[in-house]
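Chemist: Handing you this structure, nothing more for now.
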Amino acid sequence: MVKRVVVNRRKCAYCGACVAVCDSLALELVETFLEINENCTGCSVCVKVCPMGALSLVEV
Amino acid sequence: MFDVVVVGAGPAGSMAAKTCAENGLEVLLIEKRQEIGTPVRCAEGISKQGLKRFVEIDKKWIAAEVIGAKIYAPDGTEITMAEEMAGNEVGFVLERKIFDRHLARLAAKAGAEVLVKTAFVSFERQGEKLKVKMRRMGEDWEVETKILIGADGVESRVGRMAGIIKTLKKSEIESCAQYLMSNVEIDEKYTYFYIGNEIAPGGYAWIFPKGNGCANVGIGILPSKAKRNAKYYLDKFIEKFDIKGKIVELVCGAVPVYGEIDTAVSDNIMLAGDAAYHSDPITGGGIANALSAGYLAGKVACEAVEKKNFSAEFLRKYDELWKADFGWKLRRNKKIQEFFLKLDDSALNSLARSIAGRNIREMSVQAIIIEILKNNPQIASIFKEVL
């Protein structure tokens, strides 16, 4: 069971907090658009750090 | 080929680019956003002193001037720190959208090339120099440079690709949410801080006046201590303190509270501002340190170009300079933060009560710690090594 992070763009306030704590460089903030690449390990640190609760883990 | 490429047009990056350009270097300043200064990720407070050292004050980007701070313990005990002499305003609340643009324009005016909507992708070492890969208006692009200054904020890609900084842990970052509110009824001569494990676990809530009845009402929490997200605690804070006002803007952000890093350099590369975790672990303030770091990195870049020496060994001169200027304060305030993080609300209340009503004339962490120690000799040993 592999888990990965997904973003709810309607909640995301594009602040970059998640990018700062991602040890796999799986997240990149392009202007207001958060990109999540395949490096995501599902560690969920970003989920905890997001000020808006915009991130969650899903099974893939 | 450029002498210096600066990544990020915030206060650190623009100050670095300006300093290099003023000394005749070929400078490129890149900013990934299409608009410098927005979206804001900041509570916008800065001491007057920290600002005046590096920038000529322009009313266009000063939203409010304050004479002091009021700190509230969990039980409501109030501590006032204020400069009571009229005309001695000690702090500013900035309009970052205008301030950041102003600094970038100063860099451009000094001769730096500025490119917006241009993101740093990666770098490659090629002998003595670096090849910097970028995405410029959506197209791949690369330039060569002698020096790369990473001023790319808390999420620094430059710093992590260069292996200079470690990724922040949940206990090393404040997760922040803030509303700009209108019709807030406060005495606009003060900034307001609210502490407590229930109100803001591992951080604090703030109200910073922005003039004309507006204020930044925000909160920072430590994700390792908090059960919910920052917005949840912010909404609860506003409800609990019955803060009336209309929300006219939402701002989110993250502040490194790591303390002092060992080094902010590697061969050809220097980091400045939040990218080097230069923000204060107690106050979260980062603009003044970013300005200083940008200036110092710029100065050392100029020397490196003159001496044709871009080695980490040579660039360590920058480490010495920023550590002597404010690094020691990050180190001290990290220890103070660790002490406060261990206190429960009743301990915070009793410390606050011990100094409530005292006349604290200076708005600084040091002033408040000295006052606490005067009235709580039993904890003096804990701070002995720190102060």
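Protein chains in written order, with the UniProt record's numbering: chain Z, 1 to 60; chain C, 1 to 387. We put the CB at the ideal spot given by N, CA and C, even for glycine. Remember, it's a predicted structure, so these values are computed and weren't measured experimentally.
Using 8 Å as the Cβ pair cut-off and three pairs as the minimum, do the stretch 292-310 of chain C and the stretch 20-28 of chain C touch?
Modeler: yes
Chemist: One question on the structure: do C/G294 and C/A162 come within less than 8 Å of each other, judged by their Cβ atoms?
Modeler: To locate residue 294 of chain C, count along the second sequence from 1; it is residue 294. To locate residue 162 of chain C, count along the second sequence from 1; it is residue 162. No. Outside cutoff.
Chemist: Which residues in the same chain as C/K169 place their Cβ atom closer than 8 Å to its Cβ, once the five residues preceding and following it in sequence are excluded?
Modeler: As a position in the second sequence, residue 169 of chain C is number 169, starting the count at 1. Once the five neighbours on either side are set aside, the close Cβ partners of C/K169 are S224.
Chemist: Please report the straight-line C-alpha distance between C/W322 and C/K329, rounded to a whole angstrom.
Modeler: As a working note, residue 322 of chain C is residue 322 in the second sequence. As a working note, residue 329 of chain C is residue 329 in the second sequence. Roughly 10 Å between the two C-alpha positions.
Chemist: Give a yes or no on whether the minimum CB-CB distance between C/E155 and chain Z is below 8 Å.
Modeler: For the purposes of this step, residue 155 of chain C is taken as the residue at position 155 of the second sequence. Closer than 8 Å: yes.
Chemist: By alpha-carbon positions, which one of C/F123, C/K60 and C/I368 ends up nearest to C/L351?
Modeler: Within the second sequence, the letter at position 351 stands for residue 351 of chain C. Of the residues C/F123, C/K60 and C/I368, the one whose Cα lies closest to the Cα of C/L351 is C/I368.
Chemist: List, from N- to C-terminal side, the alpha helix (DSSP H) runs of 4 residues or more that fit wholly inside the stretch 215-243 of chain C.
Modeler: Taking only runs of at least 4 residues, the alpha helix (DSSP H) segments lying wholly in the stretch 215-243 of chain C are 230-240.
Chemist: Please classify C/K123 as buried or exposed, where buried requires at least 16 other C-beta atoms within 10 Å of its C-beta.
Modeler: The sequence position of residue 123 of chain C within the second sequence is 123, counting from 1. It is Phe, not Lys, that sits at residue 123 of chain C in the sequence shown. Label assigned to C/F123: buried.
Chemist: State the Cα-Cα distance for the pair C/N197 and C/K236, rounded to the nearest angstrom.
Modeler: Position 197 of the second sequence, counted from the first residue, corresponds to residue 197 of chain C. Position 236 of the second sequence, counted from the first residue, corresponds to residue 236 of chain C. Their Cα atoms are separated by approximately 13 Å.
Chemist: Just to make sure I have the definition right: I need the residues of chain C whose C-beta is within less than 8 Å of the C-beta of Z/V5. Which are they?
Modeler: Locating residue 5 of chain Z in the first sequence gives position 5, where the first residue counts as 1. For the C-beta of Z/V5, not a single chain C residue is nearer than 8 Å; the gap to the nearest is close to 15 Å.
Chemist: In the DSSP assignment, what are the bridge partners of Z/S44?
Modeler: Within the first sequence, residue 44 of chain Z is the residue found at index 44, counting from 1. For Z/S44, which the question treats as bridged, DSSP gives no partner whatsoever.
Chemist: Within 10 angstroms of its Cβ, does C/M134 collect 16 or more other Cβ (buried), or is it exposed?
Modeler: Here residue 134 of chain C corresponds to residue number 134 of the second sequence, with the count starting at 1. Buried is the call here.
Chemist: If you follow the beta strand (DSSP E) that C/W61 is in, where does it begin and where does it stop?
Modeler: As a working note, residue 61 of chain C is residue 61 in the second sequence. Looking at the DSSP string, C/W61 is not in any beta strand (DSSP E), and its letter there is neither H nor E.
Chemist: What is the DSSP secondary structure of C/K97, counted as helix, strand or coil?
Modeler: Your numbering for residue 97 of chain C matches position 97 in the second sequence. In the structure shown, C/K97 sits in a helix (DSSP, three-state: H, G or I).
Chemist: By the three-class DSSP mapping on this structure, what secondary structure does Z/S24 have?
Modeler: Residue mapping note: residue 24 of chain Z aligns to position 24 of the first sequence, counting from 1. Reduced to three states, the DSSP call for Z/S24 is coil.
Chemist: What residues in its chain sit with their C-beta under 6 Å from that of C/T263, if we drop five residues either side in the sequence?
Modeler: Taking the second sequence and counting its residues from 1, one reaches residue 263 of chain C at position 263. D319, listed in sequence order.
Chemist: Going by DSSP, what residue range makes up the alpha helix (DSSP H) through C/T19?
Modeler: Taking the second sequence and counting its residues from 1, the one referred to as residue 19 of chain C is at position 19. Counting along the chain, the alpha helix (DSSP H) containing C/T19 begins and ends at P11 to E22.
Chemist: Might you give, ordered along the chain, the residues of its own chain that have their beta carbon closer than 8 Å to the beta carbon of C/T38, omitting 5 neighbours on each side?
Modeler: As a first step, residue 38 of chain C must be located in the second sequence, where it is residue number 38. Taken in chain order, the residues that qualify are K97.
Chemist: Which ranges does the beta strand (DSSP E) cover as unbroken runs of at least 3 residues, wholly within the stretch 98-142 of chain C, from first to last along the chain?
Modeler: For the stretch 98-142 of chain C, whole beta strand (DSSP E) runs of length 3 or above, ordered along the chain, are 113-115, 118-126 and 129-136.
Chemist: Which of the three DSSP states is assigned to C/G76 in this structure?
Modeler: Against the second sequence, residue 76 of chain C aligns to sequence position 76. Correct three-state label for C/G76: coil.
Chemist: Give me the chain Z residues within the contact set of C/L171, using Cβ-Cβ distance strictly less than 9 Å, ordered along the chain.
Modeler: The count along the second sequence starts at 1 and reaches residue 171 of chain C at position 171. The sequence given here has Ser at residue 171 of chain C, not Leu. Within chain Z, no residue comes near C/S171; the closest Cβ sits about 11 Å away, beyond 9 Å.
Chemist: Since C/G273 meets chain Z, which of its residues come closer than 8 Å, beta carbon to beta carbon?
Modeler: Along the second sequence, read from residue 1 onward, the residue named residue 273 of chain C stands at position 273. Result: empty, since nearest Cβ-Cβ is about 13 Å, beyond 8 Å.
Chemist: Closer than 7 Å, Cβ to any Cβ of chain Z: which residues of the stretch 246-268 of chain C, in chain order?
Modeler: L250, C252, G253 and A254
Chemist: Evaluate C/M137 with the Cβ neighbour count: other Cβ atoms within 10 Å of its Cβ, from every protein chain shown; 16 or more gives buried, anything less gives exposed.
Modeler: Against the second sequence, residue 137 of chain C aligns to sequence position 137. Under a 10 Å Cβ-count criterion, C/M137 is classified as exposed, with fewer than 16 other Cβ atoms of the shown protein chains found around its own Cβ.
Chemist: Less than 8 Å between CB atoms is the rule here; does residue 73 of chain Z satisfy it with respect to chain C?
Modeler: In this structure chain Z extends from 1 to 60, so residue 73 of chain Z is not present and cannot be described.
Chemist: Taking C/L341 and C/G202 to be in contact with their CB atoms under 8 Å, please state how far apart those CB atoms are, rounded to whole angstroms.
Modeler: Numbered from its first residue, the second sequence carries residue 341 of chain C at position 341. Numbered from its first residue, the second sequence carries residue 202 of chain C at position 202. About 6 Å separates the two Cβ atoms, so the contact holds.
Chemist: Which first and last residues belong to the beta strand (DSSP E) in which C/L250 is found?
Modeler: Here residue 250 of chain C corresponds to residue number 250 of the second sequence, with the count starting at 1. Where C/L250 is concerned, the enclosing beta strand (DSSP E) stretches over K246 to P256.
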